[in-house]
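Presented below is the structure to which this report refers.
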Amino acid sequence: MKVQQIKQAVELGGLEDWGTAALPGQPGVRVSGKQYVIAGSEAVDTGVFECSPGTYRRVVQQAEVMHLLSGSGSFTPDGESAVHFRGGDTLFFEANTEGLWQVDETMRKIYVIL
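Numbering-wise (the working numbering), the sequence shown opens with residue 9 and increments by one.
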């Protein structure tokens with residue numbers, strides 16, 4: 009199929025438990041999602057991602073585009089100012105971006121890792 013559709017991603021149920029992410033000594037942030045495979049482009053990682061409020065570090069190893077469906081918080085790239093986000097925003101990350109996520113309200117996003 010040349011076109012894949014994720015219907016009502018804001019309300020999509022049945023997300024898989026992807027574990028936790030946390031800073032040392034901090035409570036874990038619950039992470040869940042659903043990955044979608046695009047036939048012929050299996051190297052492209054795309055899907056729906058959700059995480060609970062909290063703080064964690066992440067290295068975005070490959071370029072990523074994400075569209076926030078709901079939630080709010082900030083991402084502070086190492087050595088730069090915080091980027092605040094809320095549902096409806098779209099973020100573009102260059103490969104090898106490292107920084108700190110502060111999720112204030114449960115975040116749900118559509119992501120594409122290139």
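Ideal Cβ placement from N, Cα and C applies to all residues, glycine included.
Bear in mind the structure is a predicted one, so any value in this text is a computation, not a measurement.
Cβ separation of residue i and residue j, assumed to be a contact under 8 Å, to the nearest whole Å
i, j, result
"D25", "I121", "Actually they are not in contact, since the Cβ atoms of D25 and I121 sit about 20 Å apart, beyond 8 Å."
"F57", "K117", "5 Å"
"E102", "G79", "So it is not a contact: roughly 22 Å between Cβ atoms."
For residue i, three-class secondary structure by DSSP
i, result
"K10", "coil"
"I118", "strand"
"L108", "strand"
"L77", "strand"
"S82", "strand"
"L23", "coil"
"E88", "coil"
"G62", "strand"
Counted within 10 angstroms of its Cβ, other Cβ atoms place residue i as buried (16 or more) or exposed
i, result
"A29", "buried"
"V37", "buried"
"G27", "exposed"
"V18", "exposed"
Q) Can we say the segment 80-92 touches the segment 101-120, given the rule of at least three CB pairs closer than 8 Å? A) Yes, the segment 80-92 is in contact with the segment 101-120.
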